[in-house]
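J.: Residue numbers (my numbering): 18 to 496.
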Amino acid sequence: MSILFDRRAFLLGASTLGASLATPSLLRAATPTVSGDRFVELRPAPTTAQLFGPSYGTTDVWAYGGSVPGPEIRLKAGERVRQRLVNGLPQNTAVHWHGIRIDNAMDGAVGLTQDPVKPGGTFDYDFVAPDPGTYWYHSHDRSWEQVARGLSGPLIVEDIEPWIGLEGAATRELTVALDDWLLRPDAKIEEANFGALPEWAHAGRIGNVFTVNGKIGSELPVRAGERLRLRLLNVSNARIMPIRIEGHNVKLIALDGHPVAPRDASDGVVLTPAQRADIVIDCLSKPGARVPVMLDAGRDQWVDIATLVYSNEQRLPDWESDIRPLPMSMLHALDIDGAQRETLTMEGGAMGSLTRARLNGVDRDIEELVAAKRVWAFNGVAGDLDEPIFRTQRGRTVHLTIRNTTGFPHGIHVHGHHFTILSRNGVTDPHRDRRDTVLTVRDEVVEIAFEADNPGKWLLHCHMLEHQAAGMVAWFEVG
Ligand code: C2O
Ligand code: CU
Numbered sequence: 018m019s020i021l022f023d024r025r026a027f028l029l030g031a032s033t034l035g036a037s038l039a040t041p042s043l044l045r046a047a048t049p050t051v052s053g054d055r056f057v058e059l060r061p062a063p064t065t066a067q068l069f070g071p072s073y074g075t076t077d078v079w080a081y082g083g084s085v086p087g088p089e090i091r092l093k094a095g096e097r098v099r100q101r102l103v104n105g106l107p108q109n110t111a112v113h114w115h116g117i118r119i120d121n122a123m124d125g126a127v128g129l130t131q132d133p134v135k136p137g138g139t140f141d142y143d144f145v146a147p148d149p150g151t152y153w154y155h156s157h158d159r160s161w162e163q164v165a166r167g168l169s170g171p172l173i174v175e176d177i178e179p180w181i182g183l184e185g186a187a188t189r190e191l192t193v194a195l196d197d198w199l200l201r202p203d204a205k206i207e208e209a210n211f212g213a214l215p216e217w218a219h220a221g222r223i224g225n226v227f228t229v230n231g232k233i234g235s236e237l238p239v240r241a242g243e244r245l246r247l248r249l250l251n252v253s254n255a256r257i258m259p260i261r262i263e264g265h266n267v268k269l270i271a272l273d274g275h276p277v278a279p280r281d282a283s284d285g286v287v288l289t290p291a292q293r294a295d296i297v298i299d300c301l302s303k304p305g306a307r308v309p310v311m312l313d314a315g316r317d318q319w320v321d322i323a324t325l326v327y328s329n330e331q332r333l334p335d336w337e338s339d340i341r342p343l344p345m346s347m348l349h350a351l352d353i354d355g356a357q358r359e360t361l362t363m364e365g366g367a368m369g370s371l372t373r374a375r376l377n378g379v380d381r382d383i384e385e386l387v388a389a390k391r392v393w394a395f396n397g398v399a400g401d402l403d404e405p406i407f408r409t410q411r412g413r414t415v416h417l418t419i420r421n422t423t424g425f426p427h428g429i430h431v432h433g434h435h436f437t438i439l440s441r442n443g444v445t446d447p448h449r450d451r452r453d454t455v456l457t458v459r460d461e462v463v464e465i466a467f468e469a470d471n472p473g474k475w476l477l478h479c480h481m482l483e484h485q486a487a488g489m490v491a492w493f494e495v496g
């Protein structure tokens, strides 16, 4: 059966496709992969997924372990992840463990920290995950294609002391992987756009269908009176996702894995691609209620992407107390005064002012850059990886001023480190959040700082994956 290519229906399932989605719980059960002393196989391969309800066609995807998103990997902070990548794809690949302050050799950055893994080849990833929090893993080779085809999954590093169940903490938690797919009317992945310059030079691959945990119109079962922790992850290529839950107070408790002092986010929490947000909601609707989870699809056009489905069970007694914060991470104080100062100036893209940039070590004009599909630049270089953008010594604080001189928003990700957001456009950030990916809008100047405590070669790139491929990538070295 083909899908009516009505934009509204497509943008969301829930209202228009509602009837066909009235199936039992569509929530994919988490299949925790506990890493002990042995390696667990992580096999990316072509398969099919039932993104829509059962009366629709399947979608050919590439998936880890046969499912989109891939299997949830769960461990405690300080434990090891041991995963054997076995490449079942028709292309080279590698896995990046996004946000983990990882051993450099395990970072999965093809061309910088490891060679690509050929079809049929294997690579053993073996590393300690030092910090509790919500993380994820994804392909880091042709990621603009491989992530769009489905190659990502959650990586949950549990709190050292169990937090769930403590006075004021949540009573339960759910992982909520948010994705955006560009599909054709027959539910197959739109392949014609892969590598297309217009997409690369504009906002990146923006989809026409939203999934939550790999399903359109997911139903998330809840019970009245629960205090629920939702681990939200944006695993899309390029879509910025403002998320809101109808009629529920939302409290933010962590960003990109880092605990924050609980604060209100009922108006919406914004996740740029690769960002995570842990939120807590009190489920105070009546038994049997159905509550939409909504996403702003652009210009304040909120669409339903999933439903909290209240069971008919009797309401649990309410928590009286304020939300208990997650244990704060112990961090070195940053030496801002003595910091090494660096600048990252972003240029390029459609309607941008980029006229020249360096590519393969040679200064090129815009026609040559367009011909090579390198239409964005960091500090005048369109994605060359032969030289680092800067070098620093271990233990030094790096103060990075990020200037977005383009006409588009960008989410900048730093590998192997967590940074503090100091200011935006000269105004001190009131929260000083710690993150691994930061959103910058056009004409914005964002100052961040981090302790370069992890030796090795680390990528720094835009996580709109088409922008990364088209020049928004660089690296730095910690000696
Ligand atoms: Cu999740 Cu280099 O990225
Ligand atoms: Cu970008």
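Where is the CB? At the ideal position from N, CA and C, for every residue including glycine.
1) Please report the distance separating the alpha-carbon of methionine 368 from that of leucine 477.
2) Distance, Cα to Cα, isoleucine 270 vs glutamate 89?
3) Cα separation between serine 283 and glycine 128?
4) If you draw a straight line from the C-alpha of lysine 268 to the C-alpha of alanine 314, how long is it?
5) What three-state label does DSSP hand histidine 157 in the structure shown?
6) Going along the chain, which residues of its own chain have a beta-carbon closer than 7 Å to the beta-carbon of leucine 183, five neighbours each way excluded?
7) Using a threshold of 8 Å, state whether the C-beta atoms of methionine 481 and proline 171 are closer than that.
8) As an exercise, report each continuous beta strand (DSSP E) stretch of at least 3 residues that is fully enclosed by the segment 185-215, in chain order.
9) Cα-Cα, which of Met363, Ile465 and Arg261 is closest to leucine 351?
10) Can you grab the Cα-Cα spacing for the pair methionine 489 / threonine 192, in whole Å?
11) How about the segment 90-108 and the segment 174-181: do they share at least three Cβ pairs that are nearer than 8 Å?
12) From Trp198, Arg201, Trp79 and Pro136, pick the residue whose C-alpha is nearest to that of glutamine 163; which is it?
13) Does leucine 386 come out as helix, strand or coil in the three-state DSSP assignment?
14) For arginine 322, count neighbouring C-beta atoms within 10 Å of its own C-beta (all shown protein chains included) and say buried if the count is 16 or more, exposed if not.
15) Taking 8 Å as the cut-off, decide whether the C-beta atoms of arginine 118 and aspartate 148 are in contact.
16) State the CB to CB distance for the pair glycine 231 and valine 57, rounded to an integer number of angstroms; the pair is presumed to be in contact (CB under 8 Å).
17) Can you grab the Cα-Cα spacing for the pair aspartate 354 / aspartate 470, in whole Å?
18) Would you check if the distance between the CB atom of glycine 496 and the CB atom of glutamine 410 is smaller than 8 Å?
19) Are the beta-carbon atoms of threonine 423 and arginine 459 separated by less than 8 Å?
20) Please report the distance separating the alpha-carbon of arginine 201 from that of glycine 221.
21) Since leucine 214 and glutamate 207 are thought to touch, with beta carbons under 8 Å apart, how far apart are those beta carbons, to the nearest angstrom?
22) Taking only the alpha-carbon atoms, compute the straight-line gap between leucine 59 and valine 103 and give it to the nearest angstrom.
23) Once DSSP output is grouped into helix, strand and coil, what is the label at leucine 38?
24) Rounding to the nearest angstrom, what Cα-Cα distance links threonine 372 and proline 276 in this structure?
25) Please state the DSSP three-state secondary structure of leucine 351.
26) Can you give me the Cβ contacts of aspartate 299 inside the same chain, cut-off strictly under 6 Å, excluding the 5 residues immediately before and after it?
27) Please name the residue in Ser302, Gly365 and Arg246 whose C-alpha comes closest to that of glutamine 485.
28) Taking all protein chains shown into account, decide if glutamine 331 is buried (16 or more other Cβ within 10 angstroms of its Cβ) or exposed.
29) Using only CA atoms, which one of Phe395, Ala204 and Asp453 lies nearest to glycine 70?
30) Return the residue from the list Gly137, Ile223 and Leu386 that minimises the CA-CA distance to asparagine 109.
31) What does the Cβ neighbour count give for threonine 445, buried or exposed, with the cut at 16 atoms within 10 Å?
32) Would you mind reading off the limits of the alpha helix (DSSP H) that contains histidine 484?
33) So, with DSSP's three-state summary, where would you put methionine 489?
T.: Taking the definition as stated:
1) 24 Å
2) In a straight line, the C-alpha of isoleucine 270 is about 21 Å away from that of glutamate 89.
3) 42 Å
4) For the pair lysine 268 and alanine 314, the Cα-to-Cα distance works out to about 22 Å.
5) coil
6) Arg341
7) no
8) 189-198
9) Ranking Met363, Ile465 and Arg261 by Cα distance to leucine 351 puts Ile465 first.
10) 30 Å
11) yes
12) Comparing Cα-Cα distances from glutamine 163 to each of Trp198, Arg201, Trp79 and Pro136, the minimum goes to Trp79.
13) Three-state DSSP puts leucine 386 in a helix.
14) The sequence shown places isoleucine at residue 322, rather than the arginine named in the question. Answer is buried; the Cβ neighbour count reaches 16.
15) Here arginine 118 is near aspartate 148, since their CB atoms are less than 8 Å apart.
16) With 8 Å as the limit, glycine 231 and valine 57 do not qualify as a contact, their Cβ atoms being about 20 Å apart.
17) 17 Å
18) Against a cut-off of 8 Å, the Cβ pair of glutamine 410 and glycine 496 comes out as a contact.
19) yes
20) 17 Å
21) Rounded to the nearest angstrom, the Cβ distance from leucine 214 to glutamate 207 is 16 Å, too far for a contact under 8 Å.
22) 6 Å
23) Residue confidence for leucine 38 is low, a pLDDT of 32 falling below 50, so the modelled location carries little weight and cannot support an answer.
24) 42 Å
25) Looking at leucine 351 - three-state DSSP - the assignment turns out to be coil, as it is neither helix nor strand.
26) Arg244
27) Gly365
28) exposed
29) Ala204
30) Gly137
31) Looking at its Cβ environment, which holds fewer than 16 other Cβ atoms inside 10 Å, threonine 445 is exposed.
32) 482-486
33) Coil.
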